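The listed protein sequences correspond, in order, to chains H and Y. For the first sequence, our numbering begins at 16 and goes up steadily by one. For the second sequence, our numbering begins at 92 and goes up steadily by one. Quick notes on the structure that follows.
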Amino acid sequence: MGISDGIKTATIEGNRDKTLLLIGQALDAGMQPGDIIQEGLIAGMTVVGERFKSGEIYVPEMLIAARAMKAGLEKLRPLLVGKTVDSLATVVLGTVKGDLHDIGKNLVAIMLEGAGCKVVDIGVDAPPDRFIGAIREHRPEFVGISALLTTTLPTMRETIAAFETAGIRKSVKVLVGGAPVTQKFADEIGADGYAGNAAEVADKIRSLK
Amino acid sequence: MPEQMTSRERVLTALKREIPDRVPWVENYVHTGLINQILGRTIRPIPGTRLGTEIQEKLCLDNISYDFRPPIYADTEKSGDLEQIKRPRLKTWEDLEKLKKWLPDPLDDGFYANAEELLKQKGDFAALASLRLGVSNVYNSMGYEEFVFALYDRPEFVTAAFEVFGDWCARVIERVNEMDFDFAWTSEDIAFQNGPMVTLEQYEKYIFPHMKKMAKKIRFPFVYHSDGDYNALLPYILQYNPAGIANLEPPVMDIFKLKETVGSRVCLVGNIDLHYTLTRGSAEETRAEVREKLERVGKGGGYMIASANGLVSYCIPENVRVMNETILAYGPYR
Numbered sequence: 016m017g018i019s020d021g022i023k024t025a026t027i028e029g030n031r032d033k034t035l036l037l038i039g040q041a042l043d044a045g046m047q048p049g050d051i052i053q054e055g056l057i058a059g060m061t062v063v064g065e066r067f068k069s070g071e072i073y074v075p076e077m078l079i080a081a082r083a084m085k086a087g088l089e090k091l092r093p094l095l096v097g098k099t100v101d102s103l104a105t106v107v108l109g110t111v112k113g114d115l116h117d118i119g120k121n122l123v124a125i126m127l128e129g130a131g132c133k134v135v136d137i138g139v140d141a142p143p144d145r146f147i148g149a150i151r152e153h154r155p156e157f158v159g160i161s162a163l164l165t166t167t168l169p170t171m172r173e174t175i176a177a178f179e180t181a182g183i184r185k186s187v188k189v190l191v192g193g194a195p196v197t198q199k200f201a202d203e204i205g206a207d208g209y210a211g212n213a214a215e216v217a218d219k220i221r222s223l224k
Numbered sequence: 092m093p094e095q096m097t098s099r100e101r102v103l104t105a106l107k108r109e110i111p112d113r114v115p116w117v118e119n120y121v122h123t124g125l126i127n128q129i130l131g132r133t134i135r136p137i138p139g140t141r142l143g144t145e146i147q148e149k150l151c152l153d154n155i156s157y158d159f160r161p162p163i164y165a166d167t168e169k170s171g172d173l174e175q176i177k178r179p180r181l182k183t184w185e186d187l188e189k190l191k192k193w194l195p196d197p198l199d200d201g202f203y204a205n206a207e208e209l210l211k212q213k214g215d216f217a218a219l220a221s222l223r224l225g226v227s228n229v230y231n232s233m234g235y236e237e238f239v240f241a242l243y244d245r246p247e248f249v250t251a252a253f254e255v256f257g258d259w260c261a262r263v264i265e266r267v268n269e270m271d272f273d274f275a276w277t278s279e280d281i282a283f284q285n286g287p288m289v290t291l292e293q294y295e296k297y298i299f300p301h302m303k304k305m306a307k308k309i310r311f312p313f314v315y316h317s318d319g320d321y322n323a324l325l326p327y328i329l330q331y332n333p334a335g336i337a338n339l340e341p342p343v344m345d346i347f348k349l350k351e352t353v354g355s356r357v358c359l360v361g362n363i364d365l366h367y368t369l370t371r372g373s374a375e376e377t378r379a380e381v382r383e384k385l386e387r388v389g390k391g392g393g394y395m396i397a398s399a400n401g402l403v404s405y406c407i408p409e410n411v412r413v414m415n416e417t418i419l420a421y422g423p424y425r
């Protein structure tokens with residue numbers, strides 16, 4: 016097994032120490048940080064996402080794999096300064112105003128990072144102005160809006176409407192998700208996409224790019 | 092056709108998976124905001140009441156409910172009937188010691204005074220004690236992600252936290268066992284819509300022994316509740332010997348399939364959709380869903396109709412009225 020495969024496997028297993036050890040060995044062997052990320056960490060998280068989508072693993076396995084991936088990214092990030100790293104997309108992500116739930120949003124952030132996206136997480140209880148400010152500052156291709164409470168679904172609609180009012184709606188594609196959200200509702204409020212679970216979001220982004 | 096029953100008889104008959112006079116309607120809670128809207132007046136429930144006797148003027152609900160759940164060790168934010176966690180506070184062993192002192196005294200008679208007041212009003216309704224067994228309070232107090240990492244890194248902390256909340260719950264259960272309740276409802280969410288919150292290995296090793304020990308303490312027939320898709324955990328949950336399982340959140344819990352697979356072992360409770368039907372659907376959609384579940388799941392007994400969680404303040408009152416009418420029309424066993 017090559018060292019990239021080792022990093023990939025350690026990531027899938029959520030073995031943080033082994034992931035870091037193998038990354039160190041890969042760097043010593045002259046492997047480029049960008050390649051380690053793509054062939055080891057992102058490749059590992061891709062497998063995790065597929066297994067999650069098929070019901071083979073549950074959220075804890077995804078979280079523990081993501082923790083290993085994040086540790087690896089932290090180790091590699093200082094080595095990436097000044098280098099161009101392929102990014103799938105920049106995504107601003109938040110839970111709508113009135114809703115303090117963050118598990119679903121955090122899982123989406125994990126899977127997007129694991130797919131090679133740059134994620135700007137604006138947190139929970141996010142009013143439209145916070146989304147708009149982040150869009151203006153980070154110029155993402157995508158915005159992800161999450162809600163768990165049925166009561167906050169109208170706020171999801173209002174948030175998208177606020178993007179129109181602010182004149183930024185056409186500059187981003189809007190993805191929505193969360194327990195009460197359906198494709199039908201996403202269509203009704205004028206979202207560009209809907210994902211049924213965290214692992215589907217990266218696929219949706221690839222299909223909409 | 093069975094003779095007309097009281098609400099209590101109806102519920103207890105269904106929990107035994109026998110055929111009552113009609114399918115009972117039970118809810119673990121009904122938000123006061125919704126009750127006020129349906130009644131057209133403001134009620135002042137006894138503190139701790141999750142469902143009193145007022146709304147039964149308008150709805151054929153068969154139970155009342157009182158809240159004995161331990162508080163969550165976290166900063167929370169309340170808006171109307173909804174309370175959300177802002178900042179979990181259980182991180183360290185020191186926090187665990189603070190938690191023990193922070194919990195209300197379960198041996199204090201005053202802790203049960205409001206419940207006794209509510210029970211004086213119960214009449215023929217089935218009185219439900221809303222309990223917990225100590226698991227969900229732990230992950231809610233720790234924060235879910237922290238809880239998961241702790242299961243991998245320091246499981247002894249998690250099991251110690253189960254014990255702290257569990258001891259508290261056990262003392263409450265001992266006292267509630269002596270009160271005039273008819274059945275219990277153990278709310279222990281353990282699943283998301285895409286499956287269990289923990290791996291099956293973690294469930295078997297850390298949660299199953301705790302829950303089994305705790306469930307044995309309950310002297311009433313009890314309904315086990317979790318949100319989400321807990322199909323994979325049913326083999327464990329059924330070993331707790333619940334009389335019923337709830338609230339069978341659609342679409343991930345397929346109640347028609349459950350009727351076939353476990354309907355002969357346990358009463359099925361709930362499954363009327365809250366994500367759409369009761370909160371955003373039409374009266375006609377509500378009628379169709381309620382009627383289908385009454386007819387298909389109620390067949391042969393062993394079903395108590397209920398929402399997929401509780402009647403929340405953002406249900407459309409008209410849809411709740413339609414649910415009521417449909418239960419009265421199609422719920423009786425003929």
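Where a beta carbon is used, it is the ideal one built from N, C-alpha and C, also for glycine. None of these values were measured; they are calculated from a predicted model.
Per-residue contacts from residue i into chain H (C-beta, under 9 Å)
| i | result |
| --- | --- |
| Pro74(Y) | This structure gives no information on residue 74(Y), because the portion of chain Y shown stretches from 92 to 425. |
Neighbour list for residue i in chain H, Cβ cutoff strictly below 7 Å
| i | result |
| --- | --- |
| Tyr405(Y) | Thr165, Thr166 |
| Phe283(Y) | Val74 |
| Lys177(Y) | Leu115 |
Min CB distance residue i to chain H below 8 Å
| i | result |
| --- | --- |
| Glu168(Y) | yes |
| Thr123(Y) | no |
| Thr250(Y) | no |
| Thr290(Y) | yes |
Nearest candidate by alpha-carbon position, reference residue i, set the options
| i | options | result |
| --- | --- | --- |
| Val239(Y) | Ile396(Y), Pro287(Y), Ser373(Y) | Pro287(Y) |
| Gly143(Y) | Pro111(Y), Asp200(Y), Gln212(Y) | Gln212(Y) |
| Asp215(Y) | Val381(Y), His316(Y), Lys384(Y), Leu103(Y) | Leu103(Y) |
| Asp430(Y) | Ala165(Y), Ala105(Y), His122(Y), Thr183(Y) | There is no way to answer for residue 430(Y), as the model of chain Y reaches only from 92 to 425. |
| Leu130(Y) | Ser98(Y), Arg245(Y), Lys308(Y), Val411(Y) | Val411(Y) |
| Ala194(H) | Lys68(H), Gly119(H), Ile51(H), Leu37(H) | Gly119(H) |
| Thr290(Y) | Tyr327(Y), Gln147(Y), Arg425(Y) | Tyr327(Y) |
| Gly109(H) | Arg184(H), Lys23(H), Pro143(H), Tyr73(H) | Pro143(H) |
| Glu89(H) | Gly45(H), Ile51(H), Gly211(H) | Ile51(H) |
| Met3(H) | Ala181(H), Ala141(H), Glu156(H) | Only positions 16 to 224 of chain H appear in the structure, and residue 3(H) is not among them; the question remains open. |
| Arg154(H) | Ala217(H), Thr61(H), Ala104(H), Lys98(H) | Ala104(H) |
| Ser156(Y) | Asp273(Y), Thr352(Y), His301(Y) | Asp273(Y) |
Residues that residue i contacts on chain Y, provided the C-beta gap is smaller than 9 Å
| i | result |
| --- | --- |
| Pro195(H) | Leu365, His366, Tyr367, Thr370, Arg371 |
Proximal chain Y residues relative to residue i, where beta-carbon distance stays under 8 Å
| i | result |
| --- | --- |
| Asn121(H) | Glu236 |
| Gly70(H) | Asn285, Gly286 |
| Arg82(H) | Phe240 |
| Ile137(H) | Simply none; closest approach about 16 Å. |
Test: residue i CB closer than 8 Å to a CB of chain Y
| i | result |
| --- | --- |
| Val190(H) | As written in the sequence, residue 190(H) is Leu, which differs from the Val given in the question. So no, Leu190(H) is outside the interface. |
| Ile118(H) | yes |
| Ile79(H) | yes |
Contacts that residue i makes with chain H (C-beta to C-beta distance below 8 Å)
| i | result |
| --- | --- |
| Gln293(Y) | Pro75 |
For this session: Compile a chain-ordered list of the residues in the region 234-247 of chain Y whose CB is closer than 8 Å to at least one CB of chain H.
Result: Tyr235, Glu236, Val239, Phe240, Leu242, Tyr243
Problem set entry | Where the region 47-62 of chain H meets chain Y: residues whose CB sits under 8 Å from a CB there | none
Problem set entry | chain H contacts made by the region 354-385 of chain Y, where a contact means CB separation under 9 Å | Leu365, His366, Tyr367, Thr370, Arg371
Exercise. Using 8 Å as the threshold, is the region 81-88 of chain H in touch with the region 21-39 of chain H, meaning 3 or more CB pairs across them?
Worked result: In this structure the region 81-88 of chain H touches the region 21-39 of chain H; the number of beta carbon pairs closer than 8 Å is three or more.
Problem set entry | Interfacial residues, the region 212-223 of chain H to chain Y, with Cβ spacing under 7 Å | Answer set for the region 212-223 of chain H: Asn212.
Exercise. Counting Cβ pairs closer than 8 Å, one from the region 371-386 of chain Y and one from the region 141-151 of chain H, do we hit at least three?
Worked result: Too few Cβ pairs lie closer than 8 Å, so no.
Problem set entry | Meets three-Cβ-pair contact criterion under 8 Å: the region 247-257 of chain Y and the region 218-234 of chain Y | yes
Problem set entry | Three or more C-beta pairs below 8 Å linking the region 390-406 of chain Y and the region 330-338 of chain Y | yes
Exercise. With a cut-off of 8 Å, do at least 3 Cβ pairs link the region 191-211 of chain Y to the region 160-179 of chain H?
Worked result: no
Exercise. Can we say the region 340-359 of chain Y touches the region 260-276 of chain Y, given the rule of at least three CB pairs closer than 8 Å?
Worked result: no
Exercise. Below 8 Å, can you find three or more Cβ-Cβ pairs linking the region 320-334 of chain Y to the region 194-205 of chain H?
Worked result: Flag = no, the region 320-334 of chain Y and the region 194-205 of chain H do not touch.
Exercise. If we count Cβ pairs, one from each stretch, closer than 8 Å, do we get three or more for the region 307-319 of chain Y versus the region 277-285 of chain Y?
Worked result: yes
Exercise. Can we say the region 352-368 of chain Y touches the region 209-222 of chain H, given the rule of at least three CB pairs closer than 8 Å?
Worked result: no
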